[in-house]
Amino acid sequence: MPRNFKPFELLVHLLRAACAILLLSSFALAQETSTEPGETEISDSEVFKAPVIVDGDTLFFLRGSSALPATERAERLQTVIVEVAEASENPTVDISFEETDLGIRILADGEIISLVTAADAELEQMELDVLSLLHGEAIEDAIISYRANRTEQALVSGAIEAAAWTFGFVVFSVAILWLYRRIRRRTLKFVKRYLRDVETATAKSVQAEAIAALVRYALNFVLLVIFFVGFYYYLSFVLLAFAETRYFAQLLLTYLTEPALLIFKGIIGYIPNLIMLGLITWVTMYIIKGMRVFFDAVEAGSFVIGDFEKHWVNPTFNIARVVVILIALVFAVPYIPGSDSAAFQGLTILVGAMLSLGANSVVSNMLAGLFVIYRRSTSIGDRIQIGDHIGDVVQIKLMETHLKSIKNELISIPNAQLMNSDVVNFSKKTDGSGLLLHTTVGIGYEEPPEKVEAMLIEAANRTNGIKIRPEPFVLWTALADYAINYQINGYTTRGSIIPKIKSDLHRNIVAVFNENNVQIMTPSYMADPPEPKIPAVEWDGHLAHETHADADKS
Numbered sequence: 041m042p043r044n045f046k047p048f049e050l051l052v053h054l055l056r057a058a059c060a061i062l063l064l065s066s067f068a069l070a071q072e073t074s075t076e077p078g079e080t081e082i083s084d085s086e087v088f089k090a091p092v093i094v095d096g097d098t099l100f101f102l103r104g105s106s107a108l109p110a111t112e113r114a115e116r117l118q119t120v121i122v123e124v125a126e127a128s129e130n131p132t133v134d135i136s137f138e139e140t141d142l143g144i145r146i147l148a149d150g151e152i153i154s155l156v157t158a159a160d161a162e163l164e165q166m167e168l169d170v171l172s173l174l175h176g177e178a179i180e181d182a183i184i185s186y187r188a189n190r191t192e193q194a195l196v197s198g199a200i201e202a203a204a205w206t207f208g209f210v211v212f213s214v215a216i217l218w219l220y221r222r223i224r225r226r227t228l229k230f231v232k233r234y235l236r237d238v239e240t241a242t243a244k245s246v247q248a249e250a251i252a253a254l255v256r257y258a259l260n261f262v263l264l265v266i267f268f269v270g271f272y273y274y275l276s277f278v279l280l281a282f283a284e285t286r287y288f289a290q291l292l293l294t295y296l297t298e299p300a301l302l303i304f305k306g307i308i309g310y311i312p313n314l315i316m317l318g319l320i321t322w323v324t325m326y327i328i329k330g331m332r333v334f335f336d337a338v339e340a341g342s343f344v345i346g347d348f349e350k351h352w353v354n355p356t357f358n359i360a361r362v363v364v365i366l367i368a369l370v371f372a373v374p375y376i377p378g379s380d381s382a383a384f385q386g387l388t389i390l391v392g393a394m395l396s397l398g399a400n401s402v403v404s405n406m407l408a409g410l411f412v413i414y415r416r417s418t419s420i421g422d423r424i425q426i427g428d429h430i431g432d433v434v435q436i437k438l439m440e441t442h443l444k445s446i447k448n449e450l451i452s453i454p455n456a457q458l459m460n461s462d463v464v465n466f467s468k469k470t471d472g473s474g475l476l477l478h479t480t481v482g483i484g485y486e487e488p489p490e491k492v493e494a495m496l497i498e499a500a501n502r503t504n505g506i507k508i509r510p511e512p513f514v515l516w517t518a519l520a521d522y523a524i525n526y527q528i529n530g531y532t533t534r535g536s537i538i539p540k541i542k543s544d545l546h547r548n549i550v551a552v553f554n555e556n557n558v559q560i561m562t563p564s565y566m567a568d569p570p571e572p573k574i575p576a577v578e579w580d581g582h583l584a585h586e587t588h589a590d591a592d593k594s
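Each residue of the sequence shown is one higher than the one before, counting from 41 in our numbering.
This is the structure we're talking about:
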């Protein structure tokens, strides 16, 4: 909202909106009550009975026929009563009755008003003379009231009443504007005072000004609704103060009051169901809190459940919580308003169909996540290899598993892929020796194998992270066309730094072979060069040794 927006402009906009809504509702009413020219179709209710209404008060009902529908007969009687009432200013009226062959005729000040027939008596299920007497009394009261409401005294009284309602509405509008101003001034202070922790927890991603704007919008919307309701009732009461507009006032009150009363009665009728829903909710929350206390105790070690691992606590608690909530929903559905309606049942069928058709991958990943959590093949902190990805497990979720790669990259692996792929775990211990680290080099046939094996073992011994006991050993993996493939193997218990250990092993192999003037012929070999492709290092028939610290070897 602009900063230069004035409260008076807000009031003007609210009045315009309210007037537009009232005009639309009046237009809709006119559309509903009007009939098209030439329309001759008559409903059964119009033929059966219709009310006689004068100044918004229903006097009685008349029965109709196919020749004279009830609505037309009632309108004629209303017109006659108004004409007789306007013909004189006498505060009293003389009502008389005449018996005829068709029924009892009612006269007012000598003018024929109505004819009460046997059909009318049959409709009301009473004697004809009794019904005619009641109709006469109602007509008399209507005429006297009509004349009394149009005297100068009644007009002055109506004007005073309308002025009082206008004064009350002005006070109401001033109160709304006062609240609007206070909302604009106080919202930001309130948010900064009471929601400071929210801003800190979200690292200021949710600023106080944004929260204040949302709160202001909600409060202004509530004020708008309250103002519209107040203006609606103000207009209705002002129209109700004058006899000429009383009928329209009663229509306006009916349009808003009846739906509100129906909603209120519906809420009152659903109070027992709401109490049951509240009880189910309270019991469910109490059970979930109890489970949380139990699983916290298991995680802290206060309770020991067989081979139950600590990293199973949170997923097990979440599964148990979902099961409890689903059971609670089963008990709560019959008490939800509208749960027995066809619309609610159709909506549940639609939601079920959507979940069954579109959630196959979701369900498969969820089930795979449960298997990953509980089968113990992978735990948080393990270094694993899945396909081409190597990293440490940092989080196992119900849908996916997060790895932190050796390059510090966060990799998200769907649990379905984790279930269907070969997983190499470098952190799980199978025996006391540790993991067997290995790499292969190709050396020409002209080099003594004992010399090559000694150099490879020396390189392994120089490498930090490779154990001295058990000793490293060499395997011949292939007799290739131009070289023998030697595989150096060494044990390590440091599975989390295997890339670093292997890199150091390769560096040491190259260094040892260069020191001993031996050419490594892999990865490819074309022909013997005139001179070996190695650095110039003298060979005296013995291996060159270096002193290395073995403090980190075990």
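For glycine and all other residues, C-beta sits at the position ideal for the given N, C-alpha and C. This structure is a prediction, so every number in the text was calculated from the model and none was measured.
Contact check between the region 497-507 and the region 455-465: fewer than three CB pairs, one atom from each, fall below 8 Å, which does not count as touching. Rounded to whole angstroms, the separation of the alpha carbons of Leu-302 and Glu-440 is 50 Å.
At a Cβ-Cβ threshold of 8 Å, Arg-256 and Arg-221 do not count as neighbours.
In the three-state reduction of the DSSP assignment, Gly-309 falls in the helix class, which pools H, G and I. Under the rule that a run must span 3 or more residues, the beta strand (DSSP E) segments found entirely inside the region 143-194 read 143-148 and 151-157. The region 157-172 makes no contact with the region 122-134: fewer than 3 CB pairs, one atom from each, lie closer than 8 Å. For Gln-559, the three-state secondary structure derived from DSSP is coil. Non-local C-beta neighbours of Arg-190 in its own chain, meaning closer than 7 Å and more than five positions away in sequence, comprise Ala-283, ordered along the chain. Approximately 6 Å separates the beta-carbon atoms of Leu-476 and Tyr-531; this is inside 8 Å, confirming the contact. The shortest CA-to-CA distance from Ala-520 to any of Ala-215, Ile-483 and Ser-213 is the one to Ile-483. Between the C-alpha atoms of Glu-115 and Val-92 there is a straight-line separation of about 7 Å. If you look at Thr-532, you'll find it in the beta strand (DSSP E) that goes 523-532.
Per DSSP, Thr-418 lies in no alpha helix (DSSP H) and is assigned neither H nor E. In this structure, DSSP gives Phe-100 an extended state, which the three-state scheme calls strand. Shown here for Ser-445: same chain residues with a beta carbon closer than 7 Å to its own, the five before and five after excluded, namely His-429, Ile-430, Gly-431 and Ile-451 in chain order.
Counting along the chain, Pro-454 sits inside the beta strand (DSSP E) bounded by residues 450-454. Residue environment for Arg-423: buried (at least 16 other C-beta atoms within 10 angstroms of its C-beta). Fewer than three Cβ pairs drawn from the region 143-150 and the region 198-214 lie within less than 8 Å of each other, which leaves the two stretches out of contact. The C-beta distance from Leu-458 to Ala-408 rounds to 6 Å, short enough to fall under 8 Å. For Lys-229, the three-state secondary structure derived from DSSP is helix.
Glu-129 sits in coil when the DSSP states are folded into three classes, being neither helix nor strand.
Proximity to Asn-557 across Val-492, Ala-289 and Phe-304 peaks at Val-492, based on C-alpha coordinates. In this structure, DSSP gives Ala-90 an extended state, which the three-state scheme calls strand. In this structure Lys-542 does not touch Thr-480 by the C-beta definition: roughly 12 Å separates them, more than the 8 Å allowed. Exposure of Leu-254 is indicated by the presence of fewer than 16 other C-beta atoms within 10 angstroms of its C-beta.
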